[in-house]
Amino acid sequence: MQCYLVFHALVIPFSYGLHRAINNGKGSKIAPILLAGAGVLGVILTLFFPCDPGCEPVTFRGIMHILIAIPMGFLILFAILAFSRRLKNDKEWNIYSRYSLITFIVGILLGISTVVLAKASIGGLLERILTASYLQWYVIMGMALIRRKPRLSLVKLYRPNRS
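In this text, residue positions in the sequence shown follow numbering that gives the first Met the number 0: the first is 0, and each later residue adds one.
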């Protein structure tokens with residue numbers, strides 16, 4: 000549980016970091032807001048509404064888990080779509096635009112499959128593949144964020160006059 004809590008909490012500054020890095024923070028704020036919102040929902044989900052045993056929504060907490068997890072998943076996927084639009088307009092980041100769009104499409108298809116086949120024997124497997132589809136996006140984008148050269152304009156340096 001603590002790992003999920005830390006993960007979801009870290010999505011919030013991650014979304015801000017991506018926002019600042021792409022086009023020097025210029026552009027629509029929809030993507031980082033959606034992603035940060037998913038992080039907030041994830042923290043609430045982890046702290047207050049853990050999955051019931053077997054993840055069958057039996058108790059109020061289990062039902063709330065499902066009712067929060069579904070919009071959280073949509074926020075993540077639509078944040079990825081919104082980021083794909085912003086990435087297209089930045090020459091340093093545009094190589095990740097199509098990748099993000101493909102991640103969104105795969106995520107939507109997996110999401111639909113997961114809902115349709117939720118009660119089937121492969122429902123849990125599809126849910127985990129869906130989760131992996133957006134987790135790999137976090138990893139790739141995080142690596143890109145780490146590897147990028149910092150722009151001096153983003154860093155305010157203080158140098159006192161020594162005259």
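Cβ coordinates follow ideal geometry from the N, Cα and C atoms, glycine included.
Quiz item: From valine 10 to proline 31, what does the alpha carbon distance come to, in whole angstroms?
Solution: Approximately 10 Å, taken between the alpha carbons.
Q.
Beta-carbon within less than 7 Å of leucine 46's beta-carbon, same chain only, minus the 5 sequence neighbours each way: which residues are those?
A. Hits under 7 Å: Leu4.
Check your understanding: Considering only the beta carbon of each residue, do leucine 33 and alanine 68 sit closer than 8 Å?
Key -> The answer is no: Cβ separation not under 8 Å.
* 7 Å Cβ shell around arginine 147 - same chain, five flanking residues per side excluded -> So the qualifying residues of the chain are Ala20, Glu91.
For the structure I just gave you, are there three or more beta carbon pairs, one from the stretch 40-58 and one from the stretch 81-89, closer than 8 Å? Segments in contact, no.
Query - Exposed unless 16 or more other CB atoms sit within 10 angstroms - verdict on methionine 142 - result: Exposed, since its Cβ has fewer than 16 Cβ neighbours within 10 Å.
Worksheet item: Is DSSP giving alanine 8 helix, strand or coil here?
Response: In the three-state scheme derived from DSSP, where H, G and I count as helix and E and B as strand, alanine 8 is classed as helix.
From what residue to what residue does the alpha helix (DSSP H) around lysine 87 run? Segment 59-87, the alpha helix (DSSP H) holding lysine 87.
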